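Here's the structure, in structure tokens; my notes come after.
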Amino acid sequence: MRHPRVGVAILTMGTRPAELADLLASVAGQETPAARVVVVGNGSSLPPLLEGVTGVELPENLGVAGGRNAALARLREFGDVDVVVDLDDDGLLISPDVFTRLAELYASDEKLGVVSFRIADEHGCTQRRHVPRLRAADPMRGGLVTTFLGGGHGLSMRMLDQIGDWPEPFFYAHEETDLAWRALDAGWKVLYDPELVLRHPWTSPTRHAVFYRMVARNRVWLAKRHLPALLVPVYLGLWAVLTVARTRSAAGLRAWFGGFAEGLRTPCPPRRPMRWSTVWRMARLGRPPVI
Numbered sequence: 001m002r003h004p005r006v007g008v009a010i011l012t013m014g015t016r017p018a019e020l021a022d023l024l025a026s027v028a029g030q031e032t033p034a035a036r037v038v039v040v041g042n043g044s045s046l047p048p049l050l051e052g053v054t055g056v057e058l059p060e061n062l063g064v065a066g067g068r069n070a071a072l073a074r075l076r077e078f079g080d081v082d083v084v085v086d087l088d089d090d091g092l093l094i095s096p097d098v099f100t101r102l103a104e105l106y107a108s109d110e111k112l113g114v115v116s117f118r119i120a121d122e123h124g125c126t127q128r129r130h131v132p133r134l135r136a137a138d139p140m141r142g143g144l145v146t147t148f149l150g151g152g153h154g155l156s157m158r159m160l161d162q163i164g165d166w167p168e169p170f171f172y173a174h175e176e177t178d179l180a181w182r183a184l185d186a187g188w189k190v191l192y193d194p195e196l197v198l199r200h201p202w203t204s205p206t207r208h209a210v211f212y213r214m215v216a217r218n219r220v221w222l223a224k225r226h227l228p229a230l231l232v233p234v235y236l237g238l239w240a241v242l243t244v245a246r247t248r249s250a251a252g253l254r255a256w257f258g259g260f261a262e263g264l265r266t267p268c269p270p271r272r273p274m275r276w277s278t279v280w281r282m283a284r285l286g287r288p289p290v291i
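Under full-length UniProt numbering, the sequence shown is numbered contiguously, ending at residue 291.
And the structure:
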């Protein structure tokens, strides 16, 4: 990909206007300017935006997956974006060379599909859950991985044209893993580059009221959509055991098992199980698709 052009997609629900303004200023301050910047009001109106920023107001909240697809649709209409960067509306690009480094990565590898940024708080600390691999003690160890972080990442538009966009029925939770598994099965690479940093406040995933139900339901859908039949019960059984061992909230466990049951009884097509060669490739990368 020669001289890849970067487009930016930001979702907001209208609750963080000051943070959004700071983020847009950090985007405008990049050494390599973005070809396009699209801000989607996900079921909300938008505040005044910087000149050159395109606003899209959705009449209802379509979730993370649906909102990002709306941004992708608008970027495709422009026709001048090769790599789309998704950023959380309360994040901040603290270095002016993020887009320059990102463009260089894509220019150097035609099969690079996804680049995951490092998420760090205002003290420079990265939570373990924000390191997209199992051995997460050192967040500065980059390399090829099997999933990526939703808060800050780059996606090849050519890859998306081949594998499809975000899984809208997921709404929220595991949509990144769904996309990453499709990318890997199609032969694309997923790279974690800790030098690409998005500053983001420390958060807990359980801040979302629907966290437990969505995580469980979508994990079942993920397995039903993408895993070979032999691995589906292994994957779901292991995650059920891990969840019981880790969760300290009785209400959270009830919501999780309710979502798990919902995922079992409801379809989320299409089912396109990954090849066994992809399973082996993921295992070599340190995370076979059972954990």
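Positions of the beta carbon are idealized from the N, C-alpha and C atoms, including for glycine. As the structure is a computational prediction, the values presented were derived from the model and not from experiment.
- Within the DSSP secondary-structure output, Y172 pairs in no beta bridge.
- DSSP places E57 within a strand segment (E or B) once states are collapsed to three.
- Annotated as distal: L102 and H130, with beta-carbon spacing of 8 angstroms or more.
- Within the segment 59-109, the complete beta strand (DSSP E) runs of at least 3 residues fall at 83-88.
- Rounded to whole angstroms, the gap between the alpha carbons of R118 and G91 is 11 angstroms.
- V215 is a Cβ neighbour of W256, given a cutoff of 8 angstroms.
- Of the candidates R246, G286, A35 and M159, M159 places its Cα closest to the Cα of D109.
- In this structure, DSSP gives E195 an extended state, which the three-state scheme calls strand.
- Separation of A120 and L196 (C-alpha to C-alpha, rounded to the nearest whole angstrom) is 10 angstroms.
- Contact between Y192 and V145 holds, with the beta-carbon distance rounding to 5 angstroms and staying under 8 angstroms.
- Judged by pairs of C-beta atoms under 8 angstroms, the segment 129-143 does not touch the segment 217-226, as fewer than three such pairs exist.
- Boundaries of the alpha helix (DSSP H) around L23: P17 to A28.
- Annotation: G14 to L50 spans about 16 angstroms, alpha carbon to alpha carbon.
- Excluding sequence positions up to five before and after A180, its CB lies within less than 7 angstroms of the CB of V114, T146, T147, F148 and V190, all in the same chain and listed in chain order.
- Taken through DSSP and simplified to helix, strand or coil, I291 comes out as coil.
- Assignment of K189 by DSSP, reduced to helix, strand and coil, places it in the strand class.
- Between G52 and V37, the gap from beta carbon to beta carbon is short of 8 angstroms.
- With 16 or more other Cβ atoms from the protein chains shown falling within 10 Å of its own Cβ, A223 counts as buried.
- The continuous beta strand (DSSP E) containing V37 extends over residues R36 to G41.
- Cβ-Cβ separation between V81 and M157: approximately 6 angstroms, consistent with a contact (criterion under 8 angstroms).
- Per the C-alpha coordinates, the member of D185, P201, L87 and V210 positioned closest to L227 is D185.
- Assignment of H200 by DSSP, reduced to helix, strand and coil, places it in the coil class.
- When rounded, the separation of the alpha-carbon atoms in L72 and V56 is 11 angstroms.
- For the pair S249 and A173, the Cα-to-Cα distance works out to about 19 angstroms.
- Judged by DSSP in its simplified three-state form, S277 adopts helix.
- The segment 106-186 contains, as complete beta strand (DSSP E) runs of 3+ residues, the segments 112-120 and 152-156 (chain order).
- CA-CA distance, P167 to C268, rounds to 9 angstroms.
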